[in-house]
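Contents: one structure, followed by commentary.
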Amino acid sequence: MKLHRIQGIVLQKLYSFRHSYDKISDAFYWPLLDLLLWGLTSNYIIQTSPSSGRIVVIIISGIVFWIIFWRAQYEISIGLLDELWNKNLVNIFVTPLKFSEWVAAWLIMGIVKGFMSFTFAAILAFVLYKMSIFMYGFAMLPFMLVLLLSGWWIGFIIAGIIMRSGSKVQTLAWSMPWIFAPFSAIYYPVSILPHWAQYVSTLLPMSYVFEGMRKVIATGEIDWSKVAIALGLNIIYLTLSLLFVRKSFEKVLQKGVSKLY
Amino acid sequence: MNSVVLEVKNLTKKFGNFTAVDNISFSMEEGEILGFLGPNGAGKTTTIQMLLGVLTPTSGSISYFGKELLLHREEILEKISFSSTYTNLPWYLTVRENLTSLSYLYDIENRKQRVEKLVETFHLEKLINKSIGQLSAGQITRVNIAKAFLNSPKILLLDEPTASLDPDVASYIREFLLTEKEKFHISIVFTSHNMTEVEELCDRVVFINHGRIIANDTPDKLTRSIEISHIELIVKQKKEALLSFCTKEKLPHQTIGKYVVRIDVKERQIPEFLRQIMEKGIIYDEISIDKPTLEDYFLEMSGKNNI
Chain A
1018 MKLHRIQGIV
1028 LQKLYSFRHS
1038 YDKISDAFYW
1048 PLLDLLLWGL
1058 TSNYIIQTSP
1068 SSGRIVVIII
1078 SGIVFWIIFW
1088 RAQYEISIGL
1098 LDELWNKNLV
1108 NIFVTPLKFS
1118 EWVAAWLIMG
1128 IVKGFMSFTF
1138 AAILAFVLYK
1148 MSIFMYGFAM
1158 LPFMLVLLLS
1168 GWWIGFIIAG
1178 IIMRSGSKVQ
1188 TLAWSMPWIF
1198 APFSAIYYPV
1208 SILPHWAQYV
1218 STLLPMSYVF
1228 EGMRKVIATG
1238 EIDWSKVAIA
1248 LGLNIIYLTL
1258 SLLFVRKSFE
1268 KVLQKGVSKL
1278 Y
Chain B
40 MNSVVLEVKN
50 LTKKFGNFTA
60 VDNISFSMEE
70 GEILGFLGPN
80 GAGKTTTIQM
90 LLGVLTPTSG
100 SISYFGKELL
110 LHREEILEKI
120 SFSSTYTNLP
130 WYLTVRENLT
140 SLSYLYDIEN
150 RKQRVEKLVE
160 TFHLEKLINK
170 SIGQLSAGQI
180 TRVNIAKAFL
190 NSPKILLLDE
200 PTASLDPDVA
210 SYIREFLLTE
220 KEKFHISIVF
230 TSHNMTEVEE
240 LCDRVVFINH
250 GRIIANDTPD
260 KLTRSIEISH
270 IELIVKQKKE
280 ALLSFCTKEK
290 LPHQTIGKYV
300 VRIDVKERQI
310 PEFLRQIMEK
320 GIIYDEISID
330 KPTLEDYFLE
340 MSGKNNI
């Protein structure tokens, strides 16, 4: 891998971010709206039912952490769609750029923009609700990293499907991550899900993260077993999704990069 | 003799049952400009895409500088470049941002200096801070060609690079390509629908149709293989008699304006043709005889191959 080539793609994406109102609103507008809507709703619940206790913290933390997962996958799937919309794939693949370098640039952008949106949301949560995401110190850090990995493998699956079917399935970039949301137990414990859905939850690393996050909020302790299971599942899914996206790219080369729209 | 920089052997590309490129072989020498011609759908773009490594061949091999493209992709693509009127650059990005970010994809020593040099060479100073979306088709083409020179390539693949350019800019680009070829011995694969341009630039022409190479020679030899010349006569009197004579003799002809008649005649039959019309009392005021051109060759070969 050559660093300067990864830098070239990252640079292109940063320039694109600077000029695109769509991308700026994706990074700031939606997190702002989520926090306002759900924060006010949970405040109202507390006012009507004071025994609800930590509901604001749980919901706001859920939103802020979901942003990491969402941004990581979004950067990969929208990053690919952006190249298709701009018909730019030929321009970059007639250069020495390797597939792995292209993927590395996606991952870096996922981290950069995830951090950007996360920081924005965390500051907003503090300003609006006097709630600091960092009040639990570094206890949340392992969960953040695990969520990043989850976002990546879902992003790769979506990218692989788009590579095989073209931009006619682009809606997956927005809709597919939300299929996982109900099973990820972002705002509620896995135990309230129907039995079959609980089984699905056990297969998703995100559910262990949000369960673990709630435990940190309740007790201040990290459940390392949940981190380990989530990490293990992520490694398996990430490996499989990388193989899938690589195979999908080979299919693109069979049809021709310029035929992918 | 110059060294071979590109060698294509038995290259085939099939899409399902359809064979887009059918077992073609050709080579290109250092410093050579190779015209790659053929009607739409002939297999030119498919071949160029395989030459660039963005389409996997069904069979056959492509070697640059004696090395297989599939095995040495990174090393080879560092030395070759591509420009096409039909590929886009990111719409939102400015010309500078596009050139800068793409320059990072190559192993270039001083990227900033290289971009500035290209801006100067291709007169992009006034466009540099404009987004691609704000440019005209001709300006985008100019940026695309500048982009192709980012890595100071040894081999350039140009797919209709001067389409949509104003004649003066197209002429400047052609001169620039010839100068680069002379100075740095770069080799160019060139596709164009402008046959005059191909005749002016190319040392050799590969003509492809239905995925097969049907000719591979110098533009001069290809045009000499065509026998038909065009005679233009200005006839102010007895024009109708001339037209009926052409019809009777089955000579393709057309009337241009009020007095000009253009007739296609085999080169060796021109004296006999002129004698016959003189005998019929048809007097022309002016005559011009155009030798066959590459365009005639193109039309004849395309016609023979049932487009």
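Those protein sequence lines, which keep their order, are chains A and B.
When you read off a place in the first sequence, starting at 1, and then add 1017, the result is the number in this note's numbering.
When you read off a place in the second sequence, starting at 1, and then add 39, the result is the number in this note's numbering.
Beta carbons: idealized from backbone N, C-alpha and C, even for Gly.
For clarity, every value in this text was computed on a predicted model and none was experimentally measured.
Beta carbon of residue i, beta carbon of residue j: below 7 Å?
i, j, result
"L333 (chain B)", "V182 (chain B)", "no"
"S120 (chain B)", "L1028 (chain A)", "no"
"A1121 (chain A)", "V1262 (chain A)", "no"
"E199 (chain B)", "S231 (chain B)", "yes"
"A1142 (chain A)", "I1075 (chain A)", "no"
"T180 (chain B)", "T95 (chain B)", "no"
"V1284 (chain A)", "M1180 (chain A)", "The question about residue 1284 (chain A) has no answer, for chain A in this structure spans 1018 to 1278."
"L1260 (chain A)", "S1184 (chain A)", "no"
"I115 (chain B)", "Y103 (chain B)", "yes"
"A1139 (chain A)", "V1081 (chain A)", "yes"
"W1170 (chain A)", "S1094 (chain A)", "no"
"P1222 (chain A)", "L1255 (chain A)", "no"
"K1001 (chain A)", "N127 (chain B)", "What is shown of chain A runs 1018 to 1278, which leaves residue 1001 (chain A) out entirely."
"A59 (chain B)", "T85 (chain B)", "yes"
Measure the C-alpha to C-alpha separation of residue i and residue j and round it to an integer number of angstroms.
i, j, result
"V1111 (chain A)", "N233 (chain B)", "25 Å"
"I346 (chain B)", "L110 (chain B)", "Confidence at I346 (chain B) is low in this model, with a pLDDT of 46, below 50, so its placement is unreliable and the value that follows should be read with caution. Their Cα atoms are separated by approximately 37 Å."
"E339 (chain B)", "P78 (chain B)", "11 Å"
"F1045 (chain A)", "I87 (chain B)", "43 Å"
"G172 (chain B)", "R150 (chain B)", "24 Å"
"M1193 (chain A)", "V1186 (chain A)", "11 Å"
"I1174 (chain A)", "A1190 (chain A)", "10 Å"
"H1212 (chain A)", "A1247 (chain A)", "20 Å"
"I147 (chain B)", "S1182 (chain A)", "36 Å"
"G1025 (chain A)", "G1273 (chain A)", "23 Å"
"G1154 (chain A)", "I1234 (chain A)", "11 Å"
"E46 (chain B)", "K156 (chain B)", "32 Å"
"G959 (chain A)", "R135 (chain B)", "The first residue shown for chain A is 1018 and the last is 1278, placing residue 959 (chain A) beyond what the model contains."
"F337 (chain B)", "E71 (chain B)", "21 Å"
"S1224 (chain A)", "S170 (chain B)", "44 Å"
"Y143 (chain B)", "K186 (chain B)", "12 Å"
"L261 (chain B)", "A254 (chain B)", "8 Å"
"E288 (chain B)", "S210 (chain B)", "41 Å"
"V43 (chain B)", "W1195 (chain A)", "56 Å"
"K118 (chain B)", "K165 (chain B)", "29 Å"
"R301 (chain B)", "M317 (chain B)", "17 Å"
"D242 (chain B)", "G250 (chain B)", "22 Å"
"T51 (chain B)", "P129 (chain B)", "32 Å"
"L1057 (chain A)", "Y1146 (chain A)", "9 Å"
"R213 (chain B)", "L1098 (chain A)", "36 Å"
"S1149 (chain A)", "F1116 (chain A)", "40 Å"
"D259 (chain B)", "V245 (chain B)", "13 Å"
Report all residues from its chain with a CB closer than 8 Å to the CB of residue i; omit the five preceding and five following residues, and keep chain order.
i, result
"G177 (chain B)", "S203, L204, D205, V208"
"P1113 (chain A)", "K1019, R1022"
"N49 (chain B)", "N62, I63, S64, S98, G99, S100"
"L189 (chain B)", "S120, L138, L141, S142, Y145, I147, R153, V154, L157"
Please return the same chain residues whose Cβ sits closer than 6 Å to the Cβ of residue i, not counting the five positions on each side in sequence.
i, result
"K228 (chain B)", "Note that residue 228 (chain B) corresponds to Val in the displayed sequence, not to Lys. If we look at V228 (chain B) and ignore the five residues flanking it on each side, its Cβ neighbours are L73, F75, L196."
"V990 (chain A)", "Any property of residue 990 (chain A) remains undetermined from this structure, which presents chain A solely from 1018 to 1278."
"S1134 (chain A)", "A1044, P1048, I1084, R1088"
"A1156 (chain A)", "V1233, I1239"
"I1203 (chain A)", "G1079, W1083, F1227"
Compute every distance between the C-beta of residue i and the non-hydrogen atoms of the ligand NAD, then say whether any falls below 6 Å.
i, result
"I270 (chain B)", "As presented, the structure is devoid of all ligands, the ligand NAD included, so that no description of it is given."
Among the residues of its own chain, which have a CB less than 7 Å from the CB of residue i, if the five just before and after it don't count?
i, result
"V1217 (chain A)", "F1200"
"W1123 (chain A)", "E1092, I1093, G1096"
"I321 (chain B)", "V274, K277, A280, L281"
Exercise. Between the segment 1162-1175 of chain A and the segment 1072-1089 of chain A, are three or more C-beta pairs nearer than 8 Å?
Worked result: yes
For this session: Name, going along the chain, the residues of the segment 86-114 of chain B whose beta-carbon falls closer than 8 Å to a beta-carbon of chain A.
Result: Taken in chain order, the members of the segment 86-114 of chain B whose beta-carbon sits within less than 8 Å of a beta-carbon on chain A are Q88, L91, G92, V93, L94, T95, R112, E113, E114.
Exercise. Closer than 7 Å, Cβ to any Cβ of chain B: which residues of the segment 1103-1128 of chain A, in chain order?
Worked result: N1103, K1104, N1105, V1107, N1108, I1109, F1110, V1111, T1112, P1113, L1114, K1115
Problem set entry | Interface positions of the segment 1020-1040 of chain A facing chain B (Cβ-Cβ less than 8 Å), listed along the chain | H1021, R1022, Q1024, G1025, I1026, L1028, Q1029, Y1032, S1033, H1036, S1037
For this session: Kindly confirm or deny that the segment 1062-1082 of chain A and the segment 1031-1038 of chain A touch, where touching means at least three C-beta pairs closer than 8 Å.
Result: Judged by Cβ distances under 8 Å, the segment 1062-1082 of chain A makes no contact with the segment 1031-1038 of chain A, as fewer than three pairs qualify.
For this session: Could you say if the segment 259-278 of chain B and the segment 297-306 of chain B meet the contact criterion of at least three C-beta pairs nearer than 8 Å?
Result: yes
For this session: Mind checking the segment 133-145 of chain B against chain A and listing, in chain order, the residues whose C-beta falls within less than 9 Å of any C-beta there?
Result: T133, E136, N137, T139, S140, L141, S142, Y143, L144, Y145
Exercise. How do the segment 309-318 of chain B and the segment 54-61 of chain B stand: do at least 3 beta-carbon pairs fall below 8 Å, yes or no?
Worked result: no
Exercise. Touch check for the segment 320-331 of chain B and the segment 258-274 of chain B: three-plus C-beta pairs under 8 Å?
Worked result: yes
Exercise. Of all the residues that make up the segment 1251-1275 of chain A, which are near chain B by a beta-carbon distance shorter than 7 Å?
Worked result: L1270, Q1271, G1273, V1274, S1275
Problem set entry | Segment contact flag, the segment 81-98 of chain B with the segment 152-169 of chain B, C-beta cutoff 8 Å, min 3 pairs | no
Problem set entry | Residues from the segment 153-173 of chain B in contact with chain A, defined by Cβ distance under 8 Å | S170
For this session: Mind checking the segment 211-222 of chain B against chain A and listing, in chain order, the residues whose C-beta falls within less than 8 Å of any C-beta there?
Result: none
For this session: Report the residues of the segment 115-131 of chain B with a CB closer than 7 Å to any CB of chain C, ordered along the chain.
Result: Among the protein chains of the structure shown, namely A and B, there is no chain C.
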